[in-house]
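In the working numbering, the protein residues as written are 1114 to 1645.
Accompanying notes for the structure given below.
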Amino acid sequence: MTAPKVLISDSLSEAAVQIFRDRGIDVDFMPELGKDKEKLAELIGKYDGLAIRSATKVTEKILEAATNLKVIGRAGIGTDNIDKPAASKKGVIVMNTPFGNMITTAEHAIAMMFAVARQIPEASASTHAGKWEKSKFMGVELTNKTLGVIGAGNIGGIVCERARGLKMKVVAYDPYLSQDKADKMGVEKVELDELLKRADFITLHVPLTDGTRNILSKENLAKTKKGVRIINCARGGLVDEEALAEALKSGHVAGAAFDVFSEEPAKENPLFNLPNVVVTPHLGAATTEAQENVALQVAEQMSNYLLTGAVENALNMPSVTAEEAKVMGPWVKLAGHLGAFIGQMTDEPIKAINILYDGSVAEMNLAALNCSVIAGIMKRANPEVNMVSAPVIAEERGVKISTTNQHKSGAFDGYIKVTVVTDKRERSIAGTVFSDGKPRFIQIKGINIDAEIGEHMLYTSNEDMPGIIGTLGQTLGENGVNIANFTLGRHDKGGEAIALLYVDDEVPAPVRDKLTATGMFRQVKPLQFDVA
1114 MTAPKVLISD SLSEAAVQIF RDRGIDVDFM PELGKDKEKL AELIGKYDGL AIRSATKVTE
1174 KILEAATNLK VIGRAGIGTD NIDKPAASKK GVIVMNTPFG NMITTAEHAI AMMFAVARQI
1234 PEASASTHAG KWEKSKFMGV ELTNKTLGVI GAGNIGGIVC ERARGLKMKV VAYDPYLSQD
1294 KADKMGVEKV ELDELLKRAD FITLHVPLTD GTRNILSKEN LAKTKKGVRI INCARGGLVD
1354 EEALAEALKS GHVAGAAFDV FSEEPAKENP LFNLPNVVVT PHLGAATTEA QENVALQVAE
1414 QMSNYLLTGA VENALNMPSV TAEEAKVMGP WVKLAGHLGA FIGQMTDEPI KAINILYDGS
1474 VAEMNLAALN CSVIAGIMKR ANPEVNMVSA PVIAEERGVK ISTTNQHKSG AFDGYIKVTV
1534 VTDKRERSIA GTVFSDGKPR FIQIKGINID AEIGEHMLYT SNEDMPGIIG TLGQTLGENG
1594 VNIANFTLGR HDKGGEAIAL LYVDDEVPAP VRDKLTATGM FRQVKPLQFD VA
């Protein structure tokens, strides 16, 4: 049997290269190739695996030429340099290494906090210049100061732990952090406005999503405590940099330390050359240990897949065997859609996720299906979550997962029902896979429906009354929104009713506002699903 061939087109450690060789993989180490798109496209066709860092851009053109490629392994967490939809369409698995640089990034945030607290870079530059400006660089202690942590997941959790070791008081804002988990971490769980009001230092550890973009906006910066210092080692775009620059100039914000920027490489930025602003060129993961960890991890993962078919940390494929994949594929998609629905509909912290499998699906690989449900729920808060990391993240946040399987009990050969529990409510949704292999939603909040799942959908709830269909159809039609499928359901006459519309494109916010303004709807919610 011919040994699998792997190309390493970016710089990886020799130890990682040796892992491939020791496992019987035929490996070519060409660390400069990733910078040459044409040469990469010329050579990629003979390889089964491609191991990269950030320099190699795996475009649709590269994938078209990759006639034998089965897996792409990214040594690191970010996969923006990979065309994942094109890879999925090509049948190529995309893996990353999500946990290899957590400690390194957390330590960098702590280092940046010290640097801005004591003005170390400016003091160092002044002293190198032969000056002795001791009185100019008056700093502040971290002991007994309040640190506000926005995002208490993997990296944020480590920052919380380190900060408590420095005798800081830690308050955390994270919509998905349960009270039990906060208690175990020894941090005070607060709302964002409370954190802004109380924190002496604020550090961000959330992904960049529509919900977190400019989370420190001009308005939110104005709510902060005078003299606050702000650290961002997470993602560019979480802070309104123009507004922060103005707040620094006015003295409301005493200092800032940024490792990431809204545009990178950052050649120009409003924060550059301001007093007491520490900046570094995206060094969060730049330690010898972190680079070695992710390199070794990606080599092991790719070898395992190419030799045994085991799938780990895949972003575009469930962790199932080849034999299971044919049967489970549509059910895995359904599980992800059910989770995505719940995740998009739930704003408060989730305490528990309960998953019921009925009938034929109860005999399948429930661990993989569970991962798909959990990943669907978590993707709203963390778009980079995958089926392997999702359960870990849920556990770290104190979310309890329970699974029930039962023999066929209804009209369908099999179905999945997902229920989430928060402090305020329980929310449930059920779905099945029809004989055509297409997933369907069959129940929402106990209301029976039959809804085809599309990329763009609109969910509404209302009191059962005449005119709802007409109002929806007329309002959307007048605003150029085409309805592909329309499903209604209700509990009882005059009781709660819902509608789920599959539309060609996302319903714009002004159109949703028009529906809300009619006073007929309790809720108007846009939803998106990955149906590729």
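Idealized CB from N, CA, C, for every residue including glycine.
Per DSSP, the unbroken alpha helix (DSSP H) holding residue 1293 starts and ends at 1292 to 1298. With the rule of 3 Cβ pairs closer than 8 Å, the region 1120 to 1131 counts as touching the region 1161 to 1179. For residue 1223, the secondary structure class from DSSP, reduced to helix, strand or coil, is helix. Contact between the region 1339 to 1348 and the region 1210 to 1230 is present: 3 or more CB-CB pairs across the two stretches fall below 8 Å. Distance from the Cα of residue 1283 is smallest, within the candidate group 1311, 1306 and 1179, for 1311.
Going by C-alpha positions, residue 1210 is about 14 Å away from residue 1418. By the neighbour-count definition (other C-beta atoms within 10 Å, threshold 16), residue 1492 is a buried residue. Ranked by how close their Cα comes to the Cα of residue 1217, the residues 1526, 1398 and 1427 have 1398 in first place. Contact annotation: the region 1233 to 1252 does not touch the region 1274 to 1283, with fewer than three C-beta pairs closer than 8 Å.
By the beta-carbon neighbour count (other beta carbons within 10 angstroms, threshold 16), residue 1575 is buried.
Per DSSP, reduced to three states, the secondary structure at residue 1639 is strand.
In this structure, residue 1610 keeps its C-beta atom at 9 Å or more from the C-beta atom of residue 1566. Restricted to the region 1492 to 1564, the beta strand (DSSP E) segments that are unbroken, complete and at least 3 residues in length are 1513 to 1519, 1527 to 1535, 1539 to 1546 and 1552 to 1557, listed in chain order. Among the bridge pairs identified by DSSP, residue 1344 is matched with 1316 and 1370. Scanning its chain for C-beta atoms nearer than 7 Å, with the 5 sequence neighbours on each side dropped, one finds no residue around residue 1115. For residue 1588, the enclosing alpha helix (DSSP H) has its first and last residue at 1581 to 1591.
DSSP places residue 1489 in the helix class (H, G or I) of the three-state scheme.
Setting aside the 5 residues that flank it on each side, residue 1280 is surrounded in the same chain by 1256 and 1257, each with a C-beta closer than 7 Å to its C-beta; the list follows chain order. The shortest CA-to-CA distance from residue 1250 to any of 1368, 1603 and 1538 is the one to 1368.
Restricting attention to 1627, 1524, 1298 and 1205, the CA atom closest to the CA of residue 1584 is found in 1627. Leaving aside the five residues that flank residue 1267 on each side, the residues in its chain whose CB is nearer than 6 Å to its CB run, in chain order, 1215. Looking at the DSSP output, residue 1141 shares a beta bridge with 1120. Looking at the DSSP output, residue 1302 sits in a beta bridge with 1285. In the DSSP assignment, residue 1418 falls within the unbroken alpha helix (DSSP H) covering 1401 to 1421.
Sorting 1573, 1139, 1616 and 1146 by C-alpha distance to the C-alpha of residue 1593 places 1616 at the top.
Going by C-alpha positions, residue 1354 is about 21 Å away from residue 1227.
Note on residue 1502: 16 or more other CB atoms within 10 angstroms of its CB, so buried under the neighbour-count rule. Non-local C-beta neighbours of residue 1340 in its own chain, meaning closer than 6 Å and more than five positions away in sequence, comprise 1367, ordered along the chain. Here residue 1308 has 1261, 1284 and 1286 as same chain residues with Cβ atoms under 6 Å from its own Cβ, once five neighbours each way along the sequence are excluded. In terms of Cα proximity to residue 1520, the closest of 1529, 1514 and 1393 is 1529.
Counted as a single uninterrupted DSSP element, the stretch harbouring residue 1253 is not any beta strand (DSSP E), since DSSP gives it neither H nor E.
Residue 1271: not part of any beta strand (DSSP E); member of the alpha helix (DSSP H) spanning 1267 to 1278, first to last residue. Rounded to whole angstroms, the Cβ separation of residue 1542 and residue 1454 is 5 Å, and the two are in contact under 8 Å. With a cutoff of 9 Å on beta-carbon distance, residue 1477 and residue 1440 are scored as near each other. Per DSSP, residue 1329 is not a residue of any alpha helix (DSSP H), being assigned neither H nor E. In this structure, residue 1320 and residue 1461 do not form a Cβ contact; the two beta carbons are roughly 19 Å apart against a cut-off of 8 Å.
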